[in-house]
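The structure under discussion appears below in the form of structure tokens.
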Amino acid sequence: MTVWDRQEPPTRPAPLDRERIVAAAIALADEGGLEAVSLRKVAARLDAGPMRLYGYISTKEELFDLMVDEVHTEILPAEQPGGWREVLRIRAHRTRQAALRHEWLADLLGGRPSLGPNAFAVTEGTLAALDGLADLDTVMRAVETVSAYITGAIRHEIANLRAERATGLSKLDWQRAYSPHVSRMLATGRFPVLAKAVHDGTEVDAETSFTTGLDWVLDAVAAKLARPPA
């Protein structure tokens, strides 16, 4: 039985419910990452005994499941956009924005699918936008491909943000600090294509990189959807 299938216990002697528990856990995670979340710490924030939480949540993993599903309310648009491409684009950008507000989300993306009602609603909207455009297997591979891009790009961006905080160096500061080493390596002539990329490539910000990559992935999906069945 999942956490969503179990009934909540009575709220006495003090008001307590999963909504309050999840909100407290999200606040802790926003402040200190997933390592800052435990049933004991959540209970302390709610001024409740730790054992009371076990009537609502059995494990920390269940709590994480509930947290992820709650954040899916931020991913689900108020109205379903028109057209499959716009649906997937909006889902991607709303997922990125949610992850930037809740960096811990990046650590929980990409594994087994979330089984909560809000995650189901996001998935339903995504599949509905592609329904009937191709055979089911093609649709599923398309959704998996876009999801993999979203997860990878978000994790890369969050990792860079964490590195900036951990080192105290911005991306530009880091590049300047390691520039002498990079210059010596490229001067050996062993990496000509990499040298060209470093010297002639254009730097873009994270949002531009995410949007560009997403458009390319959606172009590939569009090509597959347009291909007649074999």
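Per my numbering, residue 9 is the first one in the sequence shown, and the count goes up by one each step. Each residue gets a CB set at the ideal place from its N, CA and C atoms; glycine is no exception. These numbers were taken from a predicted model, which means no experiment stands behind them.
Check whether residue i and residue j have beta carbons under 8 Å apart
| i | j | result |
| --- | --- | --- |
| tyrosine 64 | glutamate 16 | yes |
| phenylalanine 72 | leucine 117 | no |
| arginine 104 | phenylalanine 218 | yes |
| glycine 57 | glutamine 88 | no |
| alanine 106 | glutamate 69 | no |
| threonine 10 | leucine 169 | no |
| isoleucine 34 | glutamate 111 | no |
| valine 201 | valine 190 | no |
| alanine 240 | leucine 61 | Here the chain covers residues 9 to 238 and nothing more, so residue 240 does not appear. |
| alanine 31 | alanine 37 | no |
| leucine 47 | leucine 24 | no |
Residue i: first and last residue of the uninterrupted alpha helix (DSSP H) it sits in
| i | result |
| --- | --- |
| proline 188 | 179–195 |
| proline 58 | 58–61 |
| glutamate 70 | 68–83 |
Proximity to residue i [Cα-Cα], best of the options
| i | options | result |
| --- | --- | --- |
| glutamate 102 | Gly90, Ser122, Asp115, Val79 | For clarity, residue 102 is arginine in the given sequence; the question names glutamate instead. When each option's Cα is compared against that of arginine 102, the closest is Val79. |
| aspartate 139 | Thr159, Trp92, Ala185 | Trp92 |
| proline 125 | Met75, Ser191, Ile29 | Met75 |
| alanine 234 | Pro188, Val147, Trp182 | Val147 |
| alanine 86 | Glu27, Val50, Val130, Leu61 | Val130 |
| glutamate 211 | Leu180, Met59, Leu24 | Leu180 |
| leucine 113 | Ser46, Ser178, Glu172, Asp77 | Asp77 |
| glycine 90 | Ser66, Arg109, Ala137 | Ala137 |
Close beta carbons around residue i, own chain, < 8 Å, minus the five adjacent residues each side
| i | result |
| --- | --- |
| threonine 153 | Val225, Ala228, Val229 |
| methionine 193 | Phe199 |
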